[in-house]
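**Q** Going line by line, the protein sequences match chains A and B. 267 is the number of the first residue of the first sequence in my numbering; add one for each residue after it. 19 is the number of the first residue of the second sequence in my numbering; add one for each residue after it. One structure, pasted below without further comment.
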Amino acid sequence: MNQQQSVLPESANLGADQPSSLRLISTLGLAGLISGLCLVGIYTITLPRIEANKARTLKEAVLQVLPGSVSMEELVWNGQGLIPVEQAGEASYTESIYAAYNRDGSLVGYAIPEDGAGFQDTIRLIYGYRPDSREIVGMRVLESRETPGLGDKIYKDQAFQENFRALSVSPEVVAVKHGSKNAPNQVDCITGATISSKAVVRILRQGNQTWLERIDKSASGTTENGKLPGVPGARNGEVSVPSAEPGIESRRPALPAGSQGR
Amino acid sequence: MPSIPASSPGGGSGSQGSGVADGDWERVQAEFMKGIWKENPVFVQVLGMCPMLAVTNSAVNAMAMGAATFFVLVGSSFLVSLLRNFIPRQVRISTYIVIIATFVTVADFTLQALLPDIHRELGAFISLIVVNCLILGRQEAFASKNTVKHAVADAVGMAGGFAIALLCLGSVREILGSGSLFGVSLFGSGYEPWVIMILPPGGFIMLGLILLFFNWLKSRRAHWLQSLDKLGEGAR
């Protein structure tokens, strides 16, 4: 057997006390089994906590990028409209956005998560979009490995964050040299972090490309249905993180499938 | 497996079951202390360099990494030592890896549940504790050949030494690179952080300087260490 640099006394008579293959297999099998049981145990114990942490982080981010909102709901695109995630089948979507509502239960805007390549690694961010004013009203970086002291200004620099308080999306968002912002669709780049700033703009555009049209379609469809866009029917005004609770049906901003006459 | 005189990389071990309780306690202390200082896994054995360089950009990260490694190393050493007579030699490495990986995953999930922010900072380096050669090295060189008591003492010493080393490097890099320690700003707003210190090159530079310092200390104390080794030999 492989006795890697072993000079142990019993290596001389190893042939004699060679354990049977069955013993070896059962040892490893038993170790694997016990280890598996431990892992299942710890997974089951920690999962609720981990999920709660993730949900809380997400909710904080959504409510932060859409000032004035107090509750939110996850929406997915089913090909015709935006529908609550609970109504979509498991495999029918890969990406989702979040509709956020204010205290009266009317729609504030949509929080759109998007990611793309930064200077060093993928930047994941979420931004708030208001369909009524067609503006981006907030942006938060969720995950990035940009250079400390330079690229990390995309989330540490207050002045850069100001760019996203009221950023028009039409015409398309563009990045401009630091200090030369003079139109509502321009983003002032950070000196020394041009690549990271431009990456953020690129990610925003990417998100806009995917979602703005869908949001518009969904909203116009709702209007045809006789509702105002963003005022999803009779909402009972309760304020909570949406999940499978009573009242969820009533705050759906989307239209029933097929009502767009496509 | 019959009792085999253990020989950890730098020597400093005796036969097990010395009989006299006092001698045994001294042995436990010796096993503990050698990891902290004489055979410090980072400064002397230069093991575990990957987490050492990657996560020491702040003192908090370094401490979390030290704590996670401590948990994994002590847990695995305890189990490996307890099971050392049941694990056939031929499958020992794979069994150790299964044991270590289990502890690492437990640490991973626990951190994720309790300290999600720190878990996000450390990222993949928590999972990578599995392949930290320090841990497998202690199982193979020590825990698999010694009683539970000595194995745990050894593991606590080694993990403690590792954590101290991480904390040293993490504190120095955070102070120079961000002007703060444990997130508390030290120099006020006038301090321009020495950003390179929290980037990878800073890790290499700082580690190099610290190793230089320890080697200088070691060469100065060579005589003293030799006499200590002789003392250990005498006890054997």
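Even for Gly, the Cβ is constructed at its ideal location relative to N, Cα and C. Model, not experiment: these values are computed from the prediction.
Quick one: using the 10 Å Cβ neighbour count with 16 as the cut-off for buried, is residue 202(B) buried or exposed?
**A** It is exposed - the Cβ of residue 202(B) has fewer than 16 other Cβ atoms within 10 Å.
**Q** In angstroms with no decimal places, state the Cα-to-Cα distance between residue 451(A) and residue 391(A).
**A** Cα-Cα distance, rounded: 19 Å.
**Q** Does the distance from the CB of residue 458(A) to the CB of residue 430(A) come in under 8 Å?
**A** Against a cut-off of 8 Å, the Cβ pair of residue 430(A) and residue 458(A) comes out as no contact.
**Q** How many angstroms separate the CA atom of residue 237(B) from the CA atom of residue 180(B)?
**A** Their Cα atoms are separated by approximately 21 Å.
**Q** With distances taken Cα to Cα, identify the nearest neighbour of residue 197(B) among 137(B), 131(B), 214(B) and 126(B).
**A** Closest option to residue 197(B), Cα to Cα, is 214(B).
**Q** Could you work out which residues of chain A lie near residue 153(B), taking near to mean beta carbons separated by less than 7 Å?
**A** Neighbours of residue 153(B) on chain A: none; closest Cβ ~15 Å, over 7 Å.
**Q** Assuming residue 89(B) contacts residue 125(B) under a Cβ cut-off of 8 Å, what Cβ separation, rounded to an integer in Å, is found between them?
**A** The pair is a contact, with the Cβ atoms about 5 Å apart (cut-off 8 Å).
**Q** From 226(B), 222(B), 78(B) and 50(B), pick the residue whose C-alpha is nearest to that of residue 138(B); which is it?
**A** Residue 138(B) has its Cα closest to that of 78(B), out of 226(B), 222(B), 78(B) and 50(B).
**Q** How about residue 124(B): is its C-beta nearer than 8 Å to some C-beta of chain A?
**A** Closer than 8 Å: yes.
**Q** Just verifying my parser: in three-state terms, what is the DSSP assignment at residue 387(A)?
**A** Reduced to three states, the DSSP call for residue 387(A) is coil.
**Q** Taking C-beta to C-beta, are residue 453(A) and residue 393(A) nearer than 8 Å?
**A** Against a cut-off of 8 Å, the Cβ pair of residue 393(A) and residue 453(A) comes out as no contact.
**Q** With a cut-off of 8 Å, does the C-beta of residue 404(A) fall near any C-beta of chain B?
**A** Closer than 8 Å: no.
**Q** Anything in chain B within Cβ reach of residue 529(A), meaning under 9 Å, just list it in chain order.
**A** Because chain A in this structure spans residues 267 to 528, residue 529(A) falls outside the shown range and cannot be described.
**Q** May I ask which residues mark the beginning and end of the beta strand (DSSP E) holding residue 209(B)?
**A** Where residue 209(B) is concerned, there is no enclosing beta strand (DSSP E), given that its DSSP letter is neither H nor E.
**Q** Looking at residue 389(A) and residue 362(A), is the spacing between their C-beta atoms short of 8 Å?
**A** No; because the gap between Cβ atoms is not below 8 Å, this pair is not in contact.
**Q** Could you check whether residue 113(B) and residue 293(A) sit closer than 8 Å to each other, using their CB atoms as the reference points?
**A** Going by C-beta atoms, residue 293(A) is nearer than 8 Å to residue 113(B).
**Q** What separation, rounded to the nearest whole angstrom, lies between the Cα atoms of residue 423(A) and residue 324(A)?
**A** So the alpha carbons of these two residues sit roughly 21 Å apart.
**Q** What ranges does the alpha helix (DSSP H) occupy inside the stretch 75–141 of chain B, keeping only unbroken runs of at least 4 residues that lie completely in it?
**A** You should have 77–100, 110–132 and 134–140.
**Q** Short of 9 Å Cβ to Cβ, which residues in the stretch 388–417 of chain A face chain B?
**A** Within the stretch 388–417 of chain A, the residues whose Cβ lies closer than 9 Å to some Cβ of chain B are 409, 411, 413, 414, 415 and 416, listed in chain order.
**Q** Establish whether the CB of residue 63(B) and some CB of chain A are separated by less than 8 Å.
**A** Chain A, which has no Cβ nearer than 8 Å to the Cβ of residue 63(B), makes this no.
**Q** Output yes if chain B places a C-beta closer than 8 Å to the C-beta of residue 451(A); else output no.
**A** Cβ-Cβ to chain B under 8 Å: no for residue 451(A).
**Q** Please say whether residue 395(A) and residue 378(A) have beta carbons closer to each other than 8 Å?
**A** Going by C-beta atoms, residue 378(A) is nearer than 8 Å to residue 395(A).
**Q** Let me check one thing: in DSSP terms, what residues is residue 453(A) bridge-paired to?
**A** Paired residues: 441(A).
**Q** Using a Cβ-Cβ cut-off of less than 7 Å, list which residues of the stretch 283–316 of chain A approach chain B; keep chain order.
**A** The stretch 283–316 of chain A vs chain B, Cβ under 7 Å: 285, 289, 290, 293, 294, 297, 298, 301, 304, 305, 308, 309, 312, 315 and 316.
**Q** Pull up the distance between the alpha-carbon of residue 406(A) and that of residue 443(A), whole angstroms please.
**A** Taking the straight line from one Cα to the other gives about 21 Å.
**Q** Within the same chain, show all residues whose beta-carbon is closer than 8 Å to that of residue 417(A), passing over the 5 residues directly before and after it, in chain order.
**A** So the qualifying residues of the chain are 384, 385, 386, 410, 459, 461 and 462.
**Q** Please return the same chain residues whose Cβ sits closer than 6 Å to the Cβ of residue 162(B), not counting the five positions on each side in sequence.
**A** Correct list, in chain order: 98 and 102.
**Q** Determine the burial state of residue 437(A): buried for a count of at least 16 other Cβ atoms within 10 Å of its Cβ, exposed for fewer.
**A** Classification for residue 437(A): exposed.
**Q** Looking only at its own chain, which residues have a Cβ that is under 7 Å from the Cβ of residue 469(A), when we skip the five neighbours before and after it?
**A** 380, 381, 382, 389 and 391, listed in sequence order.
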